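These protein sequences, in sequence, are chains A and B.
Taking the UniProt record's numbering, the leading residue of the first sequence gets 1, the next gets one more, and so forth.
Taking the UniProt record's numbering, the leading residue of the second sequence gets 1, the next gets one more, and so forth.
Here's the structure, in structure tokens; my notes come after.
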Amino acid sequence: MKFAVIVFPGSNCDLDMYHAVKDELGEEAEYVWHDSKDLSSYDGILLPGGFSYGDYLRCGAIAQFSGVMDEVRKAAEAGKPVLGICNGFQILTEAGLLPGVLLRNKNLKFMCRTVGLKVENNHTLFTNEYEQGQEIQIPIAHGEGNYYCDDETYKHLKENNQIVFTYGDDFNGSRNNIAGIINERGNVLGMMPHPERAVSELIGGKDGLALFRSIVKQWREAHVSHA
Amino acid sequence: MKKVKIYVTLRESVLDPQGSAVMGSLHKMGYGEVEDVRIGKYLELVIGDGERDVDALVNELCHRLLANTVIEDYRYEIEEVVSQ
Numbered sequence: 001m002k003f004a005v006i007v008f009p010g011s012n013c014d015l016d017m018y019h020a021v022k023d024e025l026g027e028e029a030e031y032v033w034h035d036s037k038d039l040s041s042y043d044g045i046l047l048p049g050g051f052s053y054g055d056y057l058r059c060g061a062i063a064q065f066s067g068v069m070d071e072v073r074k075a076a077e078a079g080k081p082v083l084g085i086c087n088g089f090q091i092l093t094e095a096g097l098l099p100g101v102l103l104r105n106k107n108l109k110f111m112c113r114t115v116g117l118k119v120e121n122n123h124t125l126f127t128n129e130y131e132q133g134q135e136i137q138i139p140i141a142h143g144e145g146n147y148y149c150d151d152e153t154y155k156h157l158k159e160n161n162q163i164v165f166t167y168g169d170d171f172n173g174s175r176n177n178i179a180g181i182i183n184e185r186g187n188v189l190g191m192m193p194h195p196e197r198a199v200s201e202l203i204g205g206k207d208g209l210a211l212f213r214s215i216v217k218q219w220r221e222a223h224v225s226h227a
Numbered sequence: 001m002k003k004v005k006i007y008v009t010l011r012e013s014v015l016d017p018q019g020s021a022v023m024g025s026l027h028k029m030g031y032g033e034v035e036d037v038r039i040g041k042y043l044e045l046v047i048g049d050g051e052r053d054v055d056a057l058v059n060e061l062c063h064r065l066l067a068n069t070v071i072e073d074y075r076y077e078i079e080e081v082v083s084q
């Protein structure tokens with residue numbers, strides 16, 4: 001499986017993402033610059049964390065108009081897996097590929113530590129290697145990770161099982177402790193915690209690896225007849 | 001040529017942690033009569049004369065990029081700029 005790691009000006013988790021896919025999973029990965037006009041040769045799209053365009057105006061707001069985002073939309077419409085982590089999640093909400101928005105953490109602090117997450121839905125292409133309700137340890141590193149959506153959107157997310165991960169504690173103010181959500185179709189996931197920083201015991205844990213394994217597993221199953 | 005002054009503010013229903021922090025500080029300084037603080041953004045745009053209706057243009061810019069209407073409201077003023 002071949003992944004594109006999109007690099008925006010200001011991305012800083014692109015190397016971690018590349019490492020997770022290439023070195024820990026053993027799949028193909030390439031860095032793709034933000035003005036690329038063609039993502040057709042990639043099977044999965046990864047939007048890394050960081051501070052695209054310096055987070056000027058609002059986090060993710062300027063990146064949504066990067067040239068590559070039309071291609072990301074096309075990939076999402078084609079049903080390819082699109083994963084946005086941290087700033088990548090912020091970009092996906094600003095681009096309208098996921099509902100809601102990320103606000104400043106309620107205590108105004110940039111928070112950087114490992115937190116407990118609960119897998120709320122393991123019937124997704126990103127979480128099939130986890131158990132339903134499993135508690136995992138994944139690092140966070142964000143100042144604007146406070147997920148907000150209106151009542152109607154929350155009801156919709158809940159009814160469609162689009163809430164994929166929740167935090168064990170309310171530390172940033174996110175609505176109902178939401179840490180990650182998926183689109184209705186189930187192929188676009190956005191989450192604030194960093195699974196790509198939890199792929200080896202050497203760096204403190206590997207609970208994030210199953211997320212990447214899930215994507216590959218589902219893709220292999222879908223493409224096995226063409227292999 | 002026109003100068004457009006745009007004020008982007010968090011919607012009333014959205015918690016403003018920056019505003020709350022500043023209000024807390026003002027209270028500590030003894031200004032207890034301050035009942036609320038909301039922090040927003042101020043943007044100035046200079047727009048050249050053209051075919052497009054400026055109101056329609058500004059609304060479009062605000063909706064597409066300058067404000068996220070899920071959490072923010074905006075208002076604006078338009079001033080005529082006399083070129084030198």
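Here a beta-carbon is modelled for each residue, glycine too, at the ideal position from N, C-alpha and C.
The structure presented is a predicted model; accordingly, all values stated were derived computationally and were not measured.
Item                                                                                                                  : Value
Buried or exposed (CB count within 10 angstroms, at least 16 for buried), A/LEU39                                     : buried
Test: A/VAL95 CB closer than 8 Å to a CB of chain B                                                                   : Correcting the residue identity first, residue 95 of chain A is Ala in this sequence and not Val. Taking Cβ atoms only, chain B never reaches closer than 8 Å to A/ALA95, which makes this a no.
Residue span of the alpha helix (DSSP H) that contains A/THR166, given as start and end                               : It is not in any alpha helix (DSSP H) - A/THR166 instead sits in the beta strand (DSSP E) that spans 163 to 167.
A/ARG58 at chain B interface by Cβ criterion, 8 Å                                                                     : yes
Contact between the segment 41 to 61 of chain B and the segment 15 to 27 of chain B (3+ Cβ pairs under 8 Å)           : no
Helix, strand or coil at A/PHE65 according to DSSP, with G and I counted as helix                                     : helix
Within the segment 132 to 163 of chain A, ranges of the alpha helix (DSSP H) (whole runs, at least 4 residues)        : 151 to 159
Burial state of B/GLU12 (16 or more Cβ within 10 Å)                                                                   : exposed
Partner residues on chain A for B/ALA56, Cβ-Cβ distance less than 8 Å                                                 : The contacting residues do not exist; B/ALA56 stays about 20 Å from chain A at best.
C-alpha gap between B/GLU60 and B/LEU66, whole angstroms                                                              : 9 Å
contact_flag[the segment 86 to 93 of chain A, the segment 183 to 197 of chain A] where n(CB pairs < 8 Å) is 3 or more : yes
Simplified DSSP assignment, three categories, for B/TYR7                                                              : strand
Cutoff 8 Å: B/VAL70 Cβ touching any chain A Cβ                                                                        : yes
Proximity test, Cβ basis, 8 Å: B/VAL14 and chain A                                                                    : yes
CB contact check: B/LEU45 to chain A, cutoff 8 Å                                                                      : no
Exposure label - A/ILE6; buried when at least 16 CB within 10 Å                                                       : buried
Where the beta strand (DSSP E) through A/PHE212 begins and ends                                                       : Where A/PHE212 is concerned, there is no enclosing beta strand (DSSP E), although the alpha helix (DSSP H) it sits in stretches over 209 to 223.
Three-way DSSP call (helix, strand, coil) for A/ILE182 in this model                                                  : strand
Any beta strand (DSSP E) of 3 or more consecutive residues that is wholly inside the segment 55 to 126 of chain A     : 82 to 85, 101 to 103, 111 to 119
A/GLY60 beta carbon less than 8 Å from that of A/ASN12                                                                : no
B/ILE39 - partner residues in DSSP beta bridges                                                                       : DSSP lists no partner for B/ILE39.
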